[in-house]
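Working notes for the structure below.
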Amino acid sequence: MRVLVTGSSGCIGAWTVKNLLDRGIEVLCFDTEADTSRLGLISSHVGSPKLRMETGRIEDTARVKALVKDEGITHAVHLAAVLMPFCAANPVQGGMIDVIGTLNVFEAARDAGRPVRVVYASSSAVWGPEEAYGERSLSESDTPLPGTHYGVFKQANEGNARIFHQDSGISSVGLRPWTVYGVGRDRGLTADPTLAMKAVALGQPFQIRVSGHMDLQYVEDVAETFIHCALSPLEGAHVFNLAGTIVEMNDLIAMIARHRPGAEKLLTVAGKPVPVSYRMDAARLHAMVPGIPSTSLDEGAARTLDMFDELRRRGLMLT
Ligand SMILES: NC(=O)c1ccc[n+]([C@@H]2O[C@H](COP(=O)([O-])OP(=O)(O)OC[C@H]3O[C@@H](n4cnc5c(N)ncnc54)[C@H](O)[C@@H]3O)[C@@H](O)[C@H]2O)c1
5 MRVLVTGSSG
15 CIGAWTVKNL
25 LDRGIEVLCF
35 DTEADTSRLG
45 LISSHVGSPK
55 LRMETGRIED
65 TARVKALVKD
75 EGITHAVHLA
85 AVLMPFCAAN
95 PVQGGMIDVI
105 GTLNVFEAAR
115 DAGRPVRVVY
125 ASSSAVWGPE
135 EAYGERSLSE
145 SDTPLPGTHY
155 GVFKQANEGN
165 ARIFHQDSGI
175 SSVGLRPWTV
185 YGVGRDRGLT
195 ADPTLAMKAV
205 ALGQPFQIRV
215 SGHMDLQYVE
225 DVAETFIHCA
235 LSPLEGAHVF
245 NLAGTIVEMN
255 DLIAMIARHR
265 PGAEKLLTVA
275 GKPVPVSYRM
285 DAARLHAMVP
295 GIPSTSLDEG
305 AARTLDMFDE
315 LRRRGLMLT
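Sequence positions in the sequence shown follow this note's numbering and run 5 to 323.
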């Protein structure tokens, strides 16, 4: 068994690589740069003989196909993508990375000459704003009405995964996280809950740039969900919602302040809510893939604050 992790230098990527290596599984990392800084913050796996890193671009079809075929890949966890703000500003480049890049991973699986199971990051951004649905929890049977290019790209990937199963028998799971938080989360519109926790550890003021509610999902749970789905024997092209803890941003500040008194003086909230419905039902995932962990926000925030404190003490967190 050899797992390709694309977008391995990123937040979910680093935790996925860590947890695969914790299990003793061989990992081939693929990202634009050989950046192991996030993996180094959360583990001592940098330099492990079971870890190899290749750099390149996910939209390079020949490269991605050669990697999967020639490197004995049996499972692909596909996370490489650019996030909502980048896609809003650069729809063509965003589409090349998020849509063509995902087609490349599936085509590579199809042409590998051995079964390759694909688990890929979709997103809650396939849902439009709350007003499109009313105040109810959305299941996978509801119709995606994405309100951003990024969401449209993710929806296209889910459709392409279905066609790759229909035409070529590639089994896959697409997962729809909402806001992932934890050490290593530092990019994208929804990084701010994590950046707020980091600021508190540094004793610095911080303004959360989005208001309203978010569904916060602890990064290690999300990484474990990708791994459980990769290791599961599920056949077909599945798409699952993920759900964590829904919290309003001022309540998040109050919760952080319960763990770190005084945090309420450092943290403020401004800006608009994220234009994505935040009520997602993840019952189908839990019914079809047993053992998915579910860390409460209280516990996940406590772990994140403790990790940031420890990194600060070791001089590994300067800004
Ligand atoms: N973090 C969240 O809250 C969240 C929510 C929903 C979905 N997702 C999805 O999960 C996946 C991982 O998100 P993340 O938070 O770890 O993001 P991240 O930005 O931390 O990581 C993404 C990684 O992809 C790499 N990448 C970007 N363009 C690339 C290219 N052209 N070729 C190769 N690699 C490239 C980046 O260098 C980066 O390391 C993404 O697909 C994202 O859309 C994340």
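Quick reminder that beta carbons are idealized off the backbone N, C-alpha and C, glycines included.
Predicted, not measured: the structure shown is a model, and the values here were computed from it.
| Query | Result |
| --- | --- |
| Determine which residues share a DSSP beta bridge with Ser-176 and list them. | Val-122 and Ala-241 |
| Please work out which residues of its chain come closer than 7 Å, Cβ to Cβ, to Asn-164, disregarding the five sequence neighbours upstream and downstream, and give them in chain order. | Thr-106, Leu-107 and Phe-110 |
| Within its chain, find whatever has a CB closer than 7 Å to the CB of Cys-233; leave out the 5 residues flanking it on each side and keep chain order. | Val-123, Val-177, Leu-179 and Val-293 |
| Count the other C-beta atoms from every protein chain shown that fall within 10 angstroms of the C-beta of Lys-22, then say buried if there are 16 or more, exposed otherwise. | buried |
| In this structure, does DSSP put His-49 in helix, strand or coil? | coil |
| Spatial neighbours of Gly-216 within its chain, please: C-beta separation below 6 Å, excluding the five flanking residues on both sides. | Pro-277 |
| Could you tell me the distance, in whole angstroms, from the CA atom of Leu-87 to the CA atom of Val-120? | 26 Å |
| Using alpha carbons as the reference points, say which of Ile-104, Ile-167 and Gln-208 lies closest to Arg-316. | Gln-208 |
| On the DSSP letters alone, give me the boundaries of the alpha helix (DSSP H) that Arg-288 sits inside. | 287-292 |
| Count the CB pairs spanning the segment 131-139 and the segment 246-257 that are closer than 8 Å, and state whether there are at least three. | no |
| According to the neighbour-count rule (16 or more other Cβ atoms, all chains shown, within 10 Å of its Cβ), is Leu-320 buried or exposed? | exposed |
| Is Trp-182 near ligand 1, in the sense that its beta carbon is under 7 Å from a heavy atom of that ligand? | yes |
| Since Thr-183 and Met-218 are thought to touch, with beta carbons under 8 Å apart, how far apart are those beta carbons, to the nearest angstrom? | 4 Å |
| Could you check where the beta strand (DSSP E) with Met-57 kicks off and where it finishes? | 55-59 |
| Examine the Cβ distances between the segment 36-55 and the segment 63-80 and report whether three or more of them are shorter than 8 Å. | no |
| From which residue to which residue does the beta strand (DSSP E) around Thr-272 run? | 271-273 |
| Identify every run of the beta strand (DSSP E) within the segment 168-215, keeping only runs that are complete inside it and at least 3 residues long; order them along the chain. | 176-180, 183-185 and 210-212 |
| Any chance you could list the beta strand (DSSP E) runs of at least 3 consecutive residues sitting entirely within the segment 6-31, in chain order? | 6-10 |
| Please report the straight-line C-alpha distance between Phe-312 and Gly-117, rounded to a whole angstrom. | 44 Å |
| Quick one: does the C-beta of Val-50 sit closer than 7 Å to a heavy atom of ligand 1? | no |
| Mind checking who Glu-252 pairs with in its DSSP beta bridge? | His-217 |
| Pick from Ser-145, Ala-274, Thr-10 and Ser-127: whose alpha carbon is nearest that of Thr-36? | Thr-10 |
| Is Cys-15 near ligand 1, going by C-beta to nearest heavy atom under 7 Å? | yes |
| Under the criterion of a Cβ to heavy atom distance below 7 Å, does Leu-289 qualify as lining ligand 1? | no |
| I'd like to confirm something about Leu-55: is its beta-carbon nearer than 7 Å to some heavy atom of ligand 1, or not? | no |
| How is the beta strand (DSSP E) around Val-81 delimited, first residue to last? | 79-82 |
| Need the endpoints of the alpha helix (DSSP H) that Pro-150 sits in, please. | Here Pro-150 belongs to no alpha helix (DSSP H), and DSSP marks it neither H nor E. |
| Out of Gly-240, Ile-296, Tyr-222 and Asp-190, point me to the one whose CA is closest to Arg-166's CA. | Gly-240 |
| Which residue marks the beginning of the alpha helix (DSSP H) containing Pro-89, and which one marks its end? | 88-93 |
| Of the choices Arg-6, Gln-97 and Phe-90, whose alpha-carbon is the least far from that of Met-54? | Sequence inspection shows Lys at residue 54; the Met mentioned does not correspond to that position. Considering only alpha carbons, the answer is Arg-6. |
| Given this structure, state the Cα-to-Cα distance separating Ala-70 from Ala-112, to the nearest angstrom. | 8 Å |
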